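Student: Sharing a structure with you now.
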Amino acid sequence: MSAAPSAELPAESTDGADVLARLRANRHDDADWRNGRIFGLIFHPDDDELEELLAEVSREYLAENALNPVRFPSLARLEREAADMVAGLLHGTPGAGGLTSGGTESIFMSVLVARETARKKGITDPVLVTGITAHPAFAKACHLLDMRQVRVPVDEGFRVDVAEMRAAVGPDTAMVVASAPCYPYGVIDPVADVAAIAREAGVLCHVDACLGGMMLPFWERLGEPVPPWDFRVEGVTSISADLHKYGYAFKGASVLLHRDVEQYRTQWWFDDGAWGGGLYGSPTAAGTRPAPPIAGAWAALRHLGEDGYLRQATKVRDATRRLMAGVEAIEGLSITSTPDLCVFQFGSDVLDMKVVADALAEQGWFPNRQPGGLHLMVSPFHVHVADEFLAALAVAVDRARGGGTYDSGPAVYGAALPSGERSA
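Under my numbering, the first residue of the sequence shown is numbered 5, with each subsequent residue one higher.
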């Protein structure tokens, strides 16, 4: 028997002011991201002008549909320009990529290109080879596209083991994957070595820079050590980079870039019109695409420019240094692996980190919970609250030392079923 609905469609229209009031009241238990007390999901830009600009852009393009660029050619131009601006940052090829709804769709489309490329070679059972730290979107893509994924181990620094990856590549391999950086530990896989494996095997090499793609170019300009990872590396054939992360656009905007235009064409899907509605073409999994994320991505790139992104990167670097030093100064805590960017996990061999997490939540702080500890993705605004967080962390550690217990469930990255369970 199905459950009773939580709400029913009103019999009569509701006044707009009442709708807004109910909407706002419903947010009573949402995390207050504006105070900088969460470390993921939203990348707080610490830029009021940018926030107001994006709101105006969203209103400007509230109803437009990017499905048909013939009707809305302005959107096609904005998408092309946004993708090309990112391609320029990553030493890529103009016109060889476009926007998607987010990192998962960028990854999905990269795996689709790998499958189609492999099929053209006569490979009937294409295989994707990744490290175990590769984003779950690769597993999801393989599930949806009926491909096999081979996950290889990582080394002591949580970077993909090159020897293991080389051994895993075989005649059915369609693509190998490197992360720049991986989400759990913030470390960059040895992209040059992974790309060399791809070249030797004659297969594609995708760099998942959904997290780092819009930060790494400026991290490098700040003088921070950045190993080779972008299209300057021979053998890298595609890169994904999210604009709604360190590009500071609103959700959902990502780019998928290819080394050459021909490879990008493989991403496009066409129907010949036999269904009766005319020719249908799409470079993404979606047909209808909302216009605001496209226009917003273009606006954020134009508004910030290179100097703006460099200013943001400086804030993030300073906050990251302060947070890492503060964590390591607290007895019992240690950083799991030295990160290559502004994302890291810290844990403990002597403290129950679930207790620490619960004690932080009681104080209104929400680092990401992982099986190995707590995880921070640092945003520009965190430079203002780093010391406040570290003080709260010290209090939380004291509680854990006192033998406290935890009330929360397991570490969860994505959504759970309504029952709280996950599907098998």
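Heads up, the beta-carbon is just placed ideally off N, CA and C, and yes, glycines get one too.
The structure displayed is predicted, hence computed values, not measured ones.
Where DSSP assigns a beta bridge to residue 209, which residues make up the other side?
Tutor: Per DSSP, 180.
Student: Looking at the strands, I want to know which residues DSSP matches up with residue 2.
Tutor: This structure leaves residue 2 out entirely; the chain is present only between 5 and 428.
Student: By the three-class DSSP mapping on this structure, what secondary structure does residue 434 have?
Tutor: In the structure as shown, the chain starts at 5 and stops at 428, and residue 434 therefore has no counterpart that could be examined.
Student: Can you look up residue 128 in the DSSP assignment and give me helix, strand or coil?
Tutor: Three-state result, residue 128: coil.
Student: Please classify residue 141: is it buried, with 16 or more other beta-carbons within 10 angstroms of its beta-carbon, or exposed?
Tutor: So residue 141 counts as buried.
Student: Pick from 318, 39, 342: whose alpha carbon is nearest that of residue 430?
Tutor: The question about residue 430 has no answer here: the residues shown for the chain are numbered 5 through 428.
Student: Just the C-alpha distance for residue 237 and residue 370, rounded to the nearest angstrom, thanks.
Tutor: Cα to Cα, residue 237 sits roughly 37 Å from residue 370.
Student: With a 10 Å radius around its C-beta and 16 neighbouring C-beta atoms as the bar for buried, classify residue 254 as buried or exposed.
Tutor: The residue is buried, with at least 16 neighbouring Cβ atoms inside 10 Å.
Student: Can you confirm whether the region 241 to 250 touches the region 258 to 265 when touching is taken to mean that 3 or more C-beta pairs between the two stretches lie within less than 8 Å?
Tutor: Touching, yes, given that three or more Cβ pairs across the two stretches are closer than 8 Å.
Student: Residue 208 and residue 121 look like a contact to me (Cβ under 8 Å); what is the Cβ gap, rounded to whole Å?
Tutor: Indeed they touch by this definition, with Cβ atoms about 6 Å apart.
Student: Specify, as a first and last residue, the run of the alpha helix (DSSP H) that residue 322 falls within.
Tutor: Run containing residue 322: 295 to 332, per the alpha helix (DSSP H) assignment.
Student: Give me the DSSP bridge partner(s) of residue 262.
Tutor: 242.
Student: Our contact map puts residue 300 next to residue 58 with C-beta atoms below 8 Å; I'd like the distance itself, whole angstroms only.
Tutor: Sure, about 5 Å apart at Cβ, within 8 Å.
Student: Could you check whether residue 285 and residue 272 sit closer than 8 Å to each other, using their CB atoms as the reference points?
Tutor: The answer is yes: Cβ separation under 8 Å.
Student: For residue 275, does the three-state DSSP call read helix, strand or coil?
Tutor: Three-state result, residue 275: strand.
Student: Label residue 21 either buried or exposed according to how many other C-beta atoms from any shown protein chain fall within 10 Å of its C-beta, with 16 as the threshold for buried.
Tutor: Residue 21 comes out exposed.
Student: Quick one, are the C-beta atoms of residue 97 and residue 288 less than 8 Å apart?
Tutor: The answer is no: Cβ separation not under 8 Å.
Student: Going by DSSP, name the residue or residues bridged to residue 156.
Tutor: BP columns for residue 156 point to 135.
Student: By how many angstroms is the C-alpha of residue 189 removed from the C-alpha of residue 160?
Tutor: Rounded to the nearest angstrom, the two C-alpha atoms are 12 Å apart.
Student: Tell me whether the region 325 to 340 and the region 391 to 399 touch, counting them as touching only if at least three CB pairs, one residue from each stretch, are closer than 8 Å.
Tutor: Short answer: they touch.
Student: Enumerated in chain order, which unbroken segments of the beta strand (DSSP E) with a length of 3 residues or greater are wholly contained in the region 21 to 105?
Tutor: For the region 21 to 105, whole beta strand (DSSP E) runs of length 3 or above, ordered along the chain, are 101 to 104.
Student: Please classify residue 378: does DSSP put it in a helix, a strand, or coil?
Tutor: Of the three classes helix, strand and coil, the one that applies to residue 378 here is strand, per DSSP.
Student: What residue from 156, 50, 195 has the CA that sits closest to residue 37's CA?
Tutor: Considering only alpha carbons, the answer is 50.
Student: Based on the DSSP output, what are the partners of residue 350 in its beta bridges?
Tutor: DSSP lists 339, 378 as partners of residue 350.
Student: Pull up the CB-CB distance for residue 226 and residue 318, whole angstroms please, since I reckon it's below 8 Å.
Tutor: Between residue 318 and residue 226 the Cβ distance is about 6 Å, and since that is below 8 Å, they are a contact.
Student: Counting C-beta neighbours from all protein chains within 10 Å, is the total for residue 119 16 or more, i.e. buried, or is it exposed?
Tutor: The residue is buried, with at least 16 neighbouring Cβ atoms inside 10 Å.
Student: Quick one: what's got a C-beta closer than 7 Å to residue 291's C-beta in the same chain, skipping five residues either side?
Tutor: Once the five neighbours on either side are set aside, the close Cβ partners of residue 291 are 71.
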